[in-house]
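S.K.: Residue numbers (this note's numbering): 95 to 317.
So this is what it looks like as structure tokens:
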């Protein structure tokens, strides 16, 4: 059975990720393709770029099945807090189960809209979005919401994908881009870096895999 097309009118965009939540092996294969076999390496790099400290409060936007929780919790342990937010009921259920099985302290899962996260303003020291921001219907609203949720001086790290930028791999875009568009909510044309630069005061960017993997770190200006 194939995942539903992301442009289906039969349900919400979250329906696509409900399907992926029920097929974790297929999701793993999708990430292997997206990261060209280097998923673990890039996820480690992104969390390290967030530079978490014990006792901090971290928000993950589009937490999926919670596959970043272990690294995030380790960064804020022993008395920090991680809040994972996702619009998909299937993904939040999987993330909640993962959290319960691992018995992590201070990790909480919330179902909610990334564009209107149910969290107070100025309440987090750090925010993280891995392979999720480019799939949000309105990434501008999501970035603005993260900015509001961060305390002054807070950091936002985005790990995401875009079409190959350099030859020869750029020649694969006509083949691969439609596959990811159809099987996820990915919007390859979204200007994530421009959106981050519009809201945040300091932005640093690293790209990998012929420009297809982006790790961006944005900082809200301290008061």
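Ideal placement from N, C-alpha and C gives every residue a C-beta, glycine not left out. Since we're looking at a predicted model, the values are computed, not measured.
#1: With a CB to CB cut of under 6 angstroms and the five nearest residues on each side skipped, what residues in its chain are close to residue 252?
#2: Which of the three DSSP states is assigned to residue 314 in this structure?
#3: Report the residue ranges of all beta strand (DSSP E) runs contained in full by the region 105 to 155; include only those spanning at least 3 residues, in chain order.
#4: With distances taken between CB atoms, is the gap from residue 141 to residue 177 smaller than 9 angstroms?
#5: Going by DSSP, what residues sit across from residue 178 in a beta bridge?
#6: Along the chain, where does the beta strand (DSSP E) containing residue 254 start, and where does it finish?
#7: For residue 195, which of helix, strand or coil comes out of DSSP?
#8: Between which two residues does the alpha helix (DSSP H) containing residue 270 stretch?
#9: Taking the alpha carbon of residue 264 as the reference point, which residue from 185, 110, 168 and 307 has its own alpha carbon closest?
#10: List the DSSP bridge partners of residue 300.
#11: Quick one: measure Cβ to Cβ for residue 210 and residue 181, integer angstroms, because I've assumed they're closer than 8 angstroms.
#12: Please work out which residues of its chain come closer than 6 angstroms, Cβ to Cβ, to residue 301, disregarding the five sequence neighbours upstream and downstream, and give them in chain order.
#13: When you compare each of 262, 291, 269 and 288 to residue 303 by their alpha carbons, which one comes out closest?
#14: Who pairs with residue 218 in a beta bridge, going by DSSP?
#15: Look at the Cβ atom of residue 155, then the Cβ atom of residue 179, and state whether they are nearer than 9 angstroms.
#16: Quick check: the Cα distance between residue 221 and residue 161, rounded to an integer number of angstroms?
#17: Is residue 208 helix, strand or coil when you go by DSSP?
#18: Looking at the structure shown, is residue 239 part of a helix, part of a strand, or coil, going by DSSP?
#19: Helix, strand or coil for residue 171? Go by DSSP, reduced to three states.
#20: Rounding to the nearest angstrom, what Cα-Cα distance links residue 254 and residue 158 in this structure?
#21: What does a CB cutoff of less than 6 angstroms around residue 165 pick up in its chain, not counting 5 residues either side in sequence?
#22: Between residue 167 and the rest of its own chain, which residues show a CB-CB distance below 6 angstroms, the 5 nearest in sequence each way excluded?
M.R.: The relevant details are as follows:
#1: Translated into positions along the chain shown, residue 252 becomes position 158. Here the set comprises 223, 227 and 310.
#2: If you number the chain shown from 1, residue 314 lands on position 220. Three-state DSSP puts residue 314 in coil, outside helix and strand.
#3: 151 to 155
#4: Here residue 141 refers to the residue found at position 47 of the chain shown. Here residue 177 refers to the residue found at position 83 of the chain shown. Their beta carbons are not under 9 angstroms apart, which means residue 141 does not touch residue 177 by this criterion.
#5: Locating residue 178 in the chain shown gives position 84, counting from the first residue. Residue 178 pairs with 154 and 203.
#6: Locating residue 254 in the chain shown gives position 160, where the first residue counts as 1. Taken as a continuous stretch (DSSP letters only), the beta strand (DSSP E) holding residue 254 covers 244 to 255.
#7: Along the chain shown, one-based indexing puts residue 195 at 101. Of the three classes helix, strand and coil, the one that applies to residue 195 here is helix, per DSSP.
#8: Taking the first residue of the chain shown as position 1, residue 270 is located at position 176. Looking at the DSSP string, the run of the alpha helix (DSSP H) that includes residue 270 is 267 to 277.
#9: Here residue 264 corresponds to residue number 170 of the chain shown, with the count starting at 1. Minimum Cα distance to residue 264 is reached at 307.
#10: Counting from 1 along the chain shown, the entry for residue 300 is found at position 206. Beta-bridge pairing links residue 300 to 309.
#11: On the chain shown, residue 210 is found 116 positions in, with the first residue counted as 1. On the chain shown, residue 181 is found 87 positions in, with the first residue counted as 1. Wrong, their Cβ atoms sit about 10 angstroms apart, outside the cutoff.
#12: Numbered from its first residue, the chain shown carries residue 301 at position 207. The answer, listed in chain order, is 308.
#13: Counting from 1 along the chain shown, the entry for residue 303 is found at position 209. Measuring from the Cα of residue 303, the nearest candidate turns out to be 262.
#14: Along the chain shown, read from residue 1 onward, the residue named residue 218 stands at position 124. Partner(s): 244.
#15: As a first step, residue 155 is located in the chain shown; it is residue number 61 there, counting from the start. As a first step, residue 179 is located in the chain shown; it is residue number 85 there, counting from the start. Yes, these two residues count as a Cβ contact at 9 angstroms.
#16: Here residue 221 is taken as the residue at index 127 of the chain shown, counted from 1. Here residue 161 is taken as the residue at index 67 of the chain shown, counted from 1. Distance between the alpha carbons of residue 221 and residue 161: 15 angstroms.
#17: For the purposes of this step, residue 208 is identified with residue 114 of the chain shown, where counting begins at 1. Coil, per DSSP.
#18: Along the chain shown, read from residue 1 onward, the residue named residue 239 stands at position 145. Helix at residue 239.
#19: Translated into positions along the chain shown, residue 171 becomes position 77. For residue 171, the three-state secondary structure derived from DSSP is coil.
#20: For the purposes of this step, residue 254 is taken as the residue at position 160 of the chain shown. For the purposes of this step, residue 158 is taken as the residue at position 64 of the chain shown. If you take the alpha carbons of residue 254 and residue 158, they lie about 14 angstroms apart.
#21: Residue 165 sits at position 71 when you count from the first residue of the chain shown. Cβ neighbours of residue 165 beyond the five flanking positions: 141.
#22: In the chain shown, counting from the first residue as 1, residue 167 sits at position 73. Same-chain partners within the cutoff: 176, 198 and 201.
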